[in-house]
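In what follows, a structure is listed as structure tokens, so that the remarks can point back to it.
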Amino acid sequence: MRSRPAAATLIATLVLAPITVIGNAPVFDPAWPKSRNDQALASIWANTQAGDGVILQNSDQIFQYEFYGPLPTETLLIQNGWPPAEIDRAYESFIAGKRRIWLLNYGSDAVSAQRPRVEQRLAQTAVRSKVEGYQDASLSLYQLLGAGDAPVEARGARWTDGMTLTGLRWRARNAAPGGGLTLDLIWRAEARPSADYTLFVHLRRATDDARMAGDDAPPVAGTRPTTSWAPGEIITDTRALALPATLAPGQYRLVVGWYRYPTFERPSLAGSTETEIVLEAIELP
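Here the numbering used here is used: the first residue of the sequence shown is 1, the next is one more, and so on.
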């Protein structure tokens, strides 16, 4: 005769198992738009390169990942509840020898103002080149930074509100379909700017000025708004552009300039009516 505890366990299992399956069924239903882990993982599949790695920020993702995965590259799953020191150790070990990191955020971590520890580490060692949103999930691509010991190419472009571009340093220069451009822009504050400006770096097609890739954001990932610049200060801002895999052969221009959000009013270059400069002319064979 079956004991009461064993019988109770069996009954609970029979009752709860269908509820669990039914409750999670939408997660794996292609018609259900929430999270769209299938699309996020498909994006990684379509764009992964040698030297890539994937970090799953929330260990609750493992069920979706196991259903829609695996991926063609090494994956790190951050366990919920790991202390910062353990996340740091796992992160440092994981990024060794890699060039790019895909970060798949999920649930509250995707929208929380307090960024998760692994995202804080990425901000210290990499620069984000693109982001895709999926309702309560987000997928970001980060370019890991090297030592930054490449030579600085001198520039001398001065905008009227006190921002002077003094130099450019390439960190990664893979100007090819599916490639990426990562560079340091070195600025000097001639005076304290009168407004908080957004810096834009765009790759545009030379024939019609169409934007092919770009990054618009305040300096240094928003941590150094231009009104915080002190006269004479040097500010290094690192930018990364992920180039589309469909980029066609032809002539392109890498341009940089500033605007004031939300009016999009642009400061001009000193002694000119122009508001942007060409950093580099690029030809794709």
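For each residue, glycine too, the CB sits at the ideal point set by N, CA and C.
In three-state terms, what does DSSP make of Q64?
Within the sequence shown, numbered from 1, the residue matching residue 64 stands at position 64. Of the three classes helix, strand and coil, the one that applies to Q64 here is helix, per DSSP.
Taking its Cβ as the centre, do 16 or more other Cβ atoms sit within 10 Å of S129, making it buried, or is it exposed?
Here residue 129 corresponds to residue number 129 of the sequence shown, with the count starting at 1. Label assigned to S129: buried.
7 angstroms CB neighbourhood of Q79 in its chain, flanking five on each side removed
Here the question's residue 79 lines up with position 79 in the sequence shown. For Q79, where only same-chain residues beyond five positions count, the Cβ hits under 7 angstroms are S59.
Alpha carbon of Q143 to alpha carbon of A191, nearest angstrom:
Counting from one through the sequence shown, the residue named residue 143 turns up at place 143. Counting from one through the sequence shown, the residue named residue 191 turns up at place 191. Using only the alpha carbons, I get a separation of about 32 angstroms.
By the DSSP assignment, the alpha helix (DSSP H) with L41 in it spans what residues?
To locate residue 41, count along the sequence shown from 1; it is residue 41. Here the alpha helix (DSSP H) through L41 covers N37 to N47.
Relative to the C-alpha of A221, which candidate in T227, D237, G232 and A210 has its C-alpha closest?
If you number the sequence shown from 1, residue 221 lands on position 221. Of the candidates T227, D237, G232 and A210, the one whose C-alpha sits nearest the C-alpha of A221 is D237.
Are at least three pairs of beta-carbons, each pair with one atom in the segment 152-170 and one in the segment 63-76, less than 8 angstroms apart?
Because the criterion of three Cβ pairs below 8 angstroms is not met, the segment 152-170 and the segment 63-76 do not touch.
Going by DSSP, what residues sit across from K130 in a beta bridge?
Along the sequence shown, read from residue 1 onward, the residue named residue 130 stands at position 130. Answer is L141.
Whether Q39 touches Y134 by CB criterion (8 angstroms):
Against the sequence shown, residue 39 aligns to sequence position 39. Against the sequence shown, residue 134 aligns to sequence position 134. Closer than 8 angstroms, so yes.
Spatial neighbours of W82 within its chain, please: CB distance less than 7 angstroms, with the 5 preceding and 5 following residues excluded, ordered by chain position.
Translated into positions along the sequence shown, residue 82 becomes position 82. There are no such residues.
Helix, strand or coil, according to DSSP, for T125 in the structure here?
For the purposes of this step, residue 125 is taken as residue 125 along the sequence shown, with counting starting at 1. Here T125 sits in helix by DSSP.
Please go through the same chain and pick out, in chain order, the residues whose beta-carbon is closer than 8 angstroms to the beta-carbon of I282, but skip the five residues on each side of it.
Sequence index remark: in the sequence shown, residue 282 carries index 282 (1-based). Same-chain partners within the cutoff: A175, L203, Q251, Y252, R253 and L254.
Per DSSP, which one or two residues make a beta bridge with M163?
For this step, residue 163 is matched to residue 163 along the sequence shown. Answer by DSSP bridge pairing, in chain order: A189.
Between the C-alpha atoms of P249 and V127, what's the straight-line distance to the nearest angstrom?
For this step, residue 249 is matched to residue 249 along the sequence shown. For this step, residue 127 is matched to residue 127 along the sequence shown. Cα-Cα distance, rounded: 26 angstroms.
Could you name the residues that DSSP lists as bridge partners for I101?
By one-based count along the sequence shown, residue 101 stands at place 101. G53 and Y142.
Have a look at R121, E274 and R99 and flag the residue whose alpha-carbon is nearest the alpha-carbon of A50.
In the sequence shown, the residue the question calls residue 50 occupies position 50. The shortest C-alpha separation from A50 is found at R99.
Under the DSSP definition of a beta bridge, which residues are partnered with F94?
Residue mapping note: residue 94 aligns to position 94 of the sequence shown, counting from 1. Bridge partners of F94: none, in fact.
Less than 8 angstroms between the C-beta atoms of Y106 and Q61, yes or no?
As a working note, residue 106 is residue 106 in the sequence shown. As a working note, residue 61 is residue 61 in the sequence shown. For Y106 and Q61, yes; Cβs fall inside 8 angstroms.
Let's test the definition: count the other Cβ atoms within 10 Å of the Cβ of I44 and tell me whether it reaches 16, buried, or not, exposed.
As a working note, residue 44 is residue 44 in the sequence shown. Burial call: buried.
Using a Cβ-Cβ cutoff of less than 8 angstroms, which residues in the same chain neighbour R265 once the five nearest sequence positions on both sides are dropped?
Numbered from its first residue, the sequence shown carries residue 265 at position 265. Arg is not the amino acid found at residue 265; the sequence shown has Glu there. In the same chain as E265, and ignoring 5 residues on each side of it, the C-beta atoms closer than 8 angstroms to its own belong to Y259, in chain order.
Which residue marks the beginning of the beta strand (DSSP E) containing L241, and which one marks its end?
To locate residue 241, count along the sequence shown from 1; it is residue 241. Taken as a continuous stretch (DSSP letters only), the beta strand (DSSP E) holding L241 covers I234 to A242.
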